[in-house]
Amino acid sequence: MNEVLYFVKCFMRTRHYIFVRFSSGLAKETKAGVSFRQNQPRETLHMSNSSLSRQALRMAASLLILGAMPLTSQAQMTNITTVAKSTPANPASLTPDAADPRQYLEEVEGEKSLTWVKAQNERSLKSLMADPRFAQYEADVLKIVEATDRIPSPGFANGGFIDNFWQDKDHVRGIWRRTDKASYLAGTPKWDILLDFDALAEAEGQNWVYKGASCLPPQNTRCLISLSNGGKDAVTVREYDLTTKSFVEGGFTLPEGKQIVTWKDKDTLYVAREWTPGEVTPSGYAFVTKVLKRGQNLDQAVEIHRGEKADMMAYRTVLRDIDGNYVMDYAERRPSFFETDTTWFTEAGEVKLPLPLTSEMNAYYKGQAVFSLKDDWTSARGTKYPSGAVIAFDLKAALKDPKNVEPSVIFAPNDHQSVSGIGQTKNHLVLSILSNVTGQVQSVSLINGQWVLKSLPLPENSSLSLGSTDDESDQLFAWSTGYLQPSTLYIADADKTTVTKLKASPERFNAEGLKVEQHWATSKDGTKVPYFVVMKKDTKLDGNTPTLLYAYGGFEISLTPSYSGAIGKLWLEKGGAYVLANIRGGGEFGPKWHEAGLKTKRQVIYDDFQAVAEDLIKSKITSPRRLGIMGGSNGGLLMGVQLTQRPDLWNAVVVQVPLLDMLRYHTLLAGASWQGEYGRPDVPEEAAFLKAISPYHNLKAGVKYPEPFFVTSTKDDRVHPGHARKMAALMGDMGLPFLYYENTDGGHSAAANLKETAKRNALEYTYLAQKLMD
């Protein structure tokens, strides 16, 4: 019912009051404090939305940026690779104590570094924007993202209302609006604007980007609005009254920061933030929570929980039931990205449960704590529970006798399945399940102590995702989509297991004559790796089809087929093929698919990607001359590795907001929080592996490299823009051509509004067209 605010809980799990605004609009506060609302995909630029699973919130703050979003393009007139010349500044030759001459580029707002950025932007933009395709591409994307006939992504709100966050050409920053459920379902919504962010930004002279709203249950009329300067993770928080549609005079106001904020009651907040300079973890996140009372200044807040300085983050928060009633406090220490040490505050004192630190709480349902396991686990009684299983137990009973927790199993996936999302209605749980990367949705009930699962009759063999679920009824929204099928919105009833189609998005490109196929490549160790190909039905297998290959490969994030008007219009219509690879490191086949590529095992991820490329070449769908690749954030690291390990396979490489210096990543912004995924540079074995894959340390003299296109943002306060800056500068020092675009706004998404999104897409696809189609 409540809109949830994402307060830069980078890499947080799904058990907090967080708003996560993906492409779709508003997420919903979990009254249980643990569940989440899966992405409500509307038509976006994402060809392959990452499936918003139980780690949806972690995704939002994690390294997924442009998350599975092949953006647009860049340009260069030549398709000739260039041989790198040797340079004494190559960091591969530096001793640990030697100074990196490009380290000044890590000064985000430094005069010297911004002068370098300006020069690279001017050079690259001049090259790309001079291509007549750029203007057309930009206009095409802008028309798509600003289209007024998009489906307004719905979020259930109290009292039979539907909320929506909307952006178009007249509302570039967006509006938060509300209508009654009946008119929305009838297709004639009567929208009431709750807050206009364009008007707010203009009135205050600020570059506000809306990050979400956390409303106090059960009334949900007082909300904490999160506003970001230019799209950064750090936000300013201000109290807003939905009844008067105004900010509360003298209300709660928190200055900019990476902070976790929870309503305790109408006059009390729990706030975890940087209370004194430097009082953050090595990852740059909070580990001290204080109680802030209405009318108090920050320096009057009283500490109630302190994690450890070495944690990734720590905070204290509140568990509520589905009706918004208070259940109890609990605190979470995050020793690493994939571990959570939870303390429950009961009347008898503090209690810990004997669950593995890698388990995740997903919901609080009829007194049952619902967890998903990421490792095999054996209870004190000897019962074995498999990795990937969803389990449940009576929380209050378990806290009274923690040594003898004996959960029941709600769902245990097979080797081809994973749980991609868990939602909760008034009386039911809802599971979203992936099976060989296609979706199904199950309604779950607890009847006479037994878990009963029933399938909702949604379209088969398609990408399904949960939308908003209703705390006041058993209704939920669900979405179906595919590469050639625009997103379709359904309303379902989890109790009656009925489904009604509401609306399908209009087509944004001509899909006539196109087809989708799923293939399997064999990786170096014999593992079968699935990938999707979208191409013309009459594609000649002569190796001459311009092909764009996309993947992510990390943090257990699943990529599933979804409709992208931009990719269809700018790439598929022009005769290109699009490929999505479900490589290891993702969550398509559960935790073990992810764990196979952790830390020093990570080379299998890169082997998988190369195996898909080689399979495409072997089948003569494409050839290295016509093959380009794209990836962002963790996927940007993937691109950098592919550029340095197999430059012979690609003729275009789009590197979006990447990690590239893997020996210093842990010292830059939120980098330390990802050591559970990549490994620790201060551990000799892991450091040796990181140096072996680090793109910044593996450019070599005498090697031919394709000309890459680096895309980043000055305001990205998650993945440091210094990664892209230094790699590009090193290529320049080695006499290698590159293109570079750094948007001054946009945060980790590299775009703060729709116009910036259109520009970025146009740049990227111009580049791809020049490299692969000319």
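Everything in the sequence shown is counted per the UniProt record's numbering, starting at 1 for the first residue and increasing by one.
Ideal Cβ positions, reconstructed from N, Cα and C, are used throughout, including at glycine.
Here the structure is a predicted model, which is why all the values come from computation and not from measurement.
What does DSSP give as the partner residue(s) for residue i in the beta ladder?
{"i": "Val499", "result": "Ala492"}
{"i": "Pro91", "result": "According to DSSP, Pro91 bridges with nothing at all."}
{"i": "Asp180", "result": "Phe161"}
{"i": "Gln518", "result": "Phe532"}
{"i": "Arg760", "result": "DSSP output for Arg760 lists no bridge partner at all."}
{"i": "residue 788", "result": "Residue 788 lies beyond the stretch modelled for the chain, which goes from 1 to 774, so this question has no answer here."}
{"i": "Pro101", "result": "Note: Pro101 sits in no beta bridge, so no partner."}
{"i": "His428", "result": "Bridge partners of His428: none, in fact."}
{"i": "Leu292", "result": "Leu269"}
{"i": "residue 777", "result": "The structure shown does not extend to residue 777, since the chain spans only 1 to 774, so no value can be given for it."}
{"i": "Phe411", "result": "Val390"}
{"i": "Ile193", "result": "Arg177"}
{"i": "Asp168", "result": "His171"}
Taking the CB atoms as reference points, tell me whether residue i and residue j lie closer together than 8 Å.
{"i": "Leu453", "j": "Val441", "result": "no"}
{"i": "Ser558", "j": "Ser420", "result": "yes"}
{"i": "Gly671", "j": "Tyr552", "result": "no"}
{"i": "residue 812", "j": "Leu637", "result": "Limits of the chain in this structure are 1 at one end and 774 at the other, which puts residue 812 out of reach."}
{"i": "Ile617", "j": "Leu549", "result": "no"}
{"i": "Pro217", "j": "Gly324", "result": "yes"}
{"i": "Val237", "j": "Gln219", "result": "no"}
{"i": "His416", "j": "Ser435", "result": "yes"}
{"i": "Lys524", "j": "Ala397", "result": "no"}
{"i": "Lys374", "j": "Thr358", "result": "yes"}
{"i": "Leu456", "j": "Thr497", "result": "yes"}
{"i": "Lys620", "j": "Gly543", "result": "yes"}
{"i": "Gly160", "j": "Lys503", "result": "no"}
{"i": "Pro506", "j": "Pro486", "result": "yes"}
{"i": "Gln368", "j": "Leu446", "result": "yes"}
{"i": "Phe287", "j": "Ala331", "result": "no"}
{"i": "Glu677", "j": "Leu763", "result": "no"}
{"i": "Tyr563", "j": "Val534", "result": "no"}
{"i": "Lys290", "j": "Val271", "result": "yes"}
{"i": "Pro721", "j": "Val108", "result": "yes"}
Are there 16 or more other CB atoms within 10 angstroms of the CB of residue i, so buried, or fewer, so exposed?
{"i": "Tyr326", "result": "exposed"}
{"i": "Glu122", "result": "exposed"}
{"i": "Thr425", "result": "buried"}
{"i": "Ala348", "result": "exposed"}
{"i": "Val302", "result": "exposed"}
{"i": "Trp674", "result": "buried"}
{"i": "Gln450", "result": "exposed"}
{"i": "Trp520", "result": "exposed"}
{"i": "Asp192", "result": "exposed"}
{"i": "Asp299", "result": "exposed"}
{"i": "Arg133", "result": "buried"}
{"i": "Ser443", "result": "buried"}
{"i": "Asn753", "result": "buried"}
{"i": "Leu541", "result": "exposed"}
Using C-beta distances below 7 Å, list every residue in its chain close to residue i, excluding the 5 sequence neighbours before and after it, in chain order.
{"i": "Arg54", "result": "Bear in mind that a pLDDT of 33 at Arg54, under 50, signals an unreliable position, so the model cannot answer this."}
{"i": "Lys759", "result": "Glu138"}
{"i": "Asn510", "result": "Glu573"}
{"i": "Val679", "result": "According to the sequence as given, residue 679 is Gly; it is not Val. Around Gly679: Lys599, Thr600, Glu686, Phe689, Leu690."}
{"i": "Gly585", "result": "Gly553, Gly554, His594, Gly597, Ile605"}
Once you ignore the five residues that flank residue i on each side, which residues in its own chain have a CB closer than 6 Å to its CB?
{"i": "Arg102", "result": "Lys726, Ala729"}
{"i": "Phe709", "result": "Gln74, Val654, Leu739, Tyr767"}
{"i": "Leu570", "result": "Tyr137, Tyr765"}
{"i": "Pro413", "result": "Gly388, Gly590"}
{"i": "Ala199", "result": "none"}
How far does the beta strand (DSSP E) with residue i in it extend, from its first residue to its last?
{"i": "Arg222", "result": "222-229"}
{"i": "Tyr678", "result": "Premise fails: Tyr678 lies in the alpha helix (DSSP H), 675-678, not in any beta strand (DSSP E)."}
{"i": "residue 813", "result": "The structure shown does not extend to residue 813, since the chain is modelled only from 1 to 774, so the question has no answer here."}
{"i": "Pro255", "result": "253-257"}
Closer than 8 Å by C-beta to residue i: which residues in its own chain qualify, once you throw out the five before and the five after it? Chain order, please.
{"i": "Trp650", "result": "Ala613, Pro624, Leu627, Gly628, Ile629, Gln642, Leu643, Pro706"}
{"i": "Gln475", "result": "Phe156, Thr425, Thr469, Ile491, Ala492, Asp493, Ala494"}
{"i": "Lys755", "result": "Leu142, Val172"}
Residue range of the alpha helix (DSSP H) that residue i falls in?
{"i": "Gly636", "result": "634-645"}
{"i": "Trp116", "result": "111-129"}
{"i": "Asp140", "result": "132-145"}
{"i": "Asp329", "result": "Asp329 -> not in any alpha helix (DSSP H); beta strand (DSSP E) instead, spanning 326-336."}
{"i": "Pro658", "result": "Neither: Pro658 is in no alpha helix (DSSP H) and is coded neither H nor E."}
Does the CB of residue i have a neighbour CB from chain B at under 8 Å?
{"i": "Gln475", "result": "The question asks about chain B, but that chain is absent: this structure has only one protein chain."}
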